[in-house]
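For reference, the structure discussed in these notes is given below.
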Amino acid sequence: MEIYALILAGGSGERFWPLSRRALPKQLLRLVSSCSLLEATIARLNGVIPPARILVLTNVDQEKGVREVLKNFPECNVIAEPSKRDTAAAVALGAAWVAARD
50 MEIYALILAG GSGERFWPLS RRALPKQLLR LVSSCSLLEA TIARLNGVIP PARILVLTNV
110 DQEKGVREVL KNFPECNVIA EPSKRDTAAA VALGAAWVAA RD
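Here is the structure:
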């Protein structure tokens, strides 16, 4: 089994309010550079884990925005939870996806 990175990108970011809103969640904010927090996270994994093994887990409400920000990212590696649950459910979904793929 290979190593995968699972990036949880489905939170609402209430502590970043008023910058972070439903339409612009925290992972899509550009706080310290021209790239979003999500893009910066993926960039930090560059050279450590191949892009094909980086999974971004979001929810259906934020999927479109995440996909727009990650235009050059493998489309099949963005996984949208059908409904918002909690961190454990998101990790379980990602683990199930990896187990089915690997």
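In my numbering, each number is its position in the sequence shown, counted from 1, plus 49.
Ideal Cβ placement from N, Cα and C applies to all residues, glycine included.
Its chain contains P100, A101 as the residues whose beta carbon lies nearer than 7 Å to that of P123, once the 5 sequence neighbours on both sides are disregarded; these appear in chain order. In this model, K75 and D151 are separated by some 30 Å (Cα to Cα). The continuous beta strand (DSSP E) containing E130 extends over residues 127-130. For V147, the enclosing alpha helix (DSSP H) stretches over residues 136-150. Under DSSP, V105 takes part in a beta bridge, and its partners are I56, V127. For T90, the CB contacts under 7 Å within the same chain, skipping 5 residues up- and downstream, are I56 in chain order. A145 and E63 have their C-alpha atoms some 28 Å from each other. The C-alpha of L119 lies about 23 Å from the C-alpha of A141. Across the set A148, I128, A149, the C-alpha of I128 shows the shortest separation from the C-alpha of A139.
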